[in-house]
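Here's the structure, in structure tokens; my notes come after.
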Amino acid sequence: MERYYGWEPFQHTLGGKIRMAGIGLHSGQPVNMTIRPAHPSSGIVFWRKDKQMAIPALMDRVVDTTLATTIGEQGAVISTTEHLLAALAGLGVDNAQIELEGAELPIMDGSAWPFVHLLRKIGLRRQKSFKKIIKITDEITIQDGDRSIRILPYEGFRITCEIDFDHAAISKQCYSAEITTDRFITEISRARTFGFLEEVEHLQQNGKALGGSLANAVVVDRLGILNAEGLRFEDEFVRHKVLDLIGDFSLLGFPLMGHVIASRPGHQLHLKAMQEIARRPECWQLVRLHRAGEAGILERSIRPFFLPVSALAGHQSCSA
Ligand SMILES: [Zn+2]
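Residue numbers (my numbering): 151 to 470.
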């Protein structure tokens, strides 16, 4: 039976340290990143080495959702967090510390694959603490014009996503599947981000997307896809939207047990959906798994979105 990444009873961190180098999508500047193992229950925490500032990967730290998800703490920001966060969530990493010297993650090939590849190579280490998950018990819906997200009770983690672009190369696409680790790796993690040529040119004139190229995005114009190698999947666009959703939803701080049905979603809508979950504690429970795949009620909290102060303990090793 395929295993869902969130359904391991115990928390996991990395088996070792990973170093990566790339360029920032918007700055176009070289960026180095180190991902380290972290203590149980510390969560995913970014560390801006240049500013000596820790930024937990949690929804209440989101400061901007235009083009990418940016989190921040006291003026220090980290942008384009979603693809790495998707890789960590997809493989079931609960605790990790991500060290950066700038404000942006490396874009790599525009997908989560380079992160997934290195995380699998270094392997995961099981930790002694139990994992907690958010189990949806009642429907939660948010609507924003013609965009919407519904989250239904479901014994697993399922995503149904549909997009509808007024563009021949994309138009309507729908993806619906139970998100297991295997499926995340093979069907989702390699889907690249995409952009429209006119928009990319406009962004670059305004000093954004300076690192954007056909090496790290699928670029579409009126006639079709500009990338010579073509698409990695026929429906790569909607699969990338699923990737973004997985990455953004990890900002809840716990894996989600439920069926997320998203229509024309984006980073802003993801944040609104998470805020609605936080506002509706009667619609979910924080639970612990007794055995893989079997949820049992551990506790219920109305304020689960703030990590304890001990979550920051891991940063001492960075500043030392
Ligand atoms: Zn993306």
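Even for Gly, the Cβ is constructed at its ideal location relative to N, Cα and C. Note that the coordinates shown come from a computational prediction; the quantities given were computed from them, not determined experimentally.
Top-ranked residue by Cα proximity to residue i, from the options
| i | options | result |
| --- | --- | --- |
| GLY177 | GLY165, THR230, GLY403 and GLU223 | The identity of residue 177 in the sequence shown is Ser, whereas the question assumes Gly. Here the closest residue by C-alpha is THR230. |
| ALA359 | GLY174, GLY166, PHE160 and ALA378 | GLY174 |
| ALA319 | THR336, ARG276 and VAL368 | VAL368 |
| LYS167 | TRP157, LEU268 and GLU232 | LEU268 |
| LEU217 | PHE196, CYS324, ASP398 and GLN425 | ASP398 |
| PRO431 | ILE228, GLU289, TRP263 and LEU234 | GLU289 |
| ASP200 | GLY374, ILE309 and ALA253 | ALA253 |
| GLN202 | GLY357, VAL370 and ILE228 | ILE228 |
| PHE387 | ASP259, LEU436, PHE315 and ALA188 | PHE315 |
| GLY260 | CYS311, ARG169 and ASP394 | ASP394 |
Distance cut-off 7 Å: residue i Cβ against heavy atoms of ligand 1
| i | result |
| --- | --- |
| LEU217 | no |
| GLU158 | no |
| HIS390 | yes |
| LEU406 | no |
| GLU232 | yes |
| LEU393 | yes |
| THR220 | no |
| THR343 | yes |
Residue i versus residue j - alpha carbon distance
| i | j | result |
| --- | --- | --- |
| PRO206 | GLU251 | 16 Å |
| HIS317 | SER298 | 20 Å |
| TRP434 | VAL410 | 14 Å |
| ARG300 | GLY225 | 33 Å |
| ASP332 | ASP296 | 32 Å |
| PHE344 | ALA378 | 14 Å |
| PRO303 | LEU406 | 10 Å |
| PRO415 | ILE272 | 33 Å |
| ALA412 | ASP385 | 16 Å |
| GLY361 | GLN179 | 7 Å |
| ALA428 | GLU305 | 20 Å |
| ALA461 | GLU249 | Note that ALA461 scores a pLDDT of 33, beneath 50, so its modelled location is shaky and nothing firm can be said. |
| GLN355 | GLU349 | 10 Å |
| ILE396 | GLN323 | 18 Å |
| GLN425 | ARG270 | 32 Å |
| ARG372 | ASN366 | 20 Å |
| THR220 | ARG211 | 8 Å |
| GLY374 | ILE313 | 17 Å |
| THR336 | LEU235 | 17 Å |
| LYS422 | MET209 | 10 Å |
| ARG275 | SER192 | 15 Å |
| HIS465 | THR184 | Caution is warranted here: a pLDDT of 32 is assigned to HIS465, below 50, making its placement in the model unreliable, and no coordinate value can be reported. |
Backbone secondary structure at residue i - three-state DSSP
| i | result |
| --- | --- |
| ARG211 | helix |
| GLU249 | strand |
| GLY242 | coil |
| ILE396 | helix |
| ASP332 | helix |
| PRO256 | strand |
| GLU312 | strand |
| PRO187 | strand |
| ALA236 | helix |
| GLU348 | helix |
| LYS285 | strand |
| ARG198 | strand |
| HIS317 | coil |
| ARG340 | coil |
| ARG169 | strand |
| TRP157 | helix |
| PHE387 | helix |
| PHE265 | helix |
| LYS358 | coil |
| ARG430 | coil |
| GLN179 | coil |
| VAL369 | strand |
Short Cβ contact (8 Å threshold) for residue i with residue j
| i | j | result |
| --- | --- | --- |
| VAL266 | ALA246 | no |
| ASP244 | HIS162 | yes |
| LEU401 | ILE283 | no |
| ARG186 | LEU164 | yes |
| LEU376 | LEU364 | yes |
| LYS278 | PRO190 | yes |
| THR291 | HIS417 | no |
| ILE329 | PHE307 | yes |
| ALA341 | HIS390 | yes |
| ALA239 | GLU223 | no |
| ALA262 | SER326 | no |
| PRO264 | ALA171 | no |
| ILE309 | VAL213 | no |
| LYS281 | PHE196 | no |
| GLU158 | GLY242 | yes |
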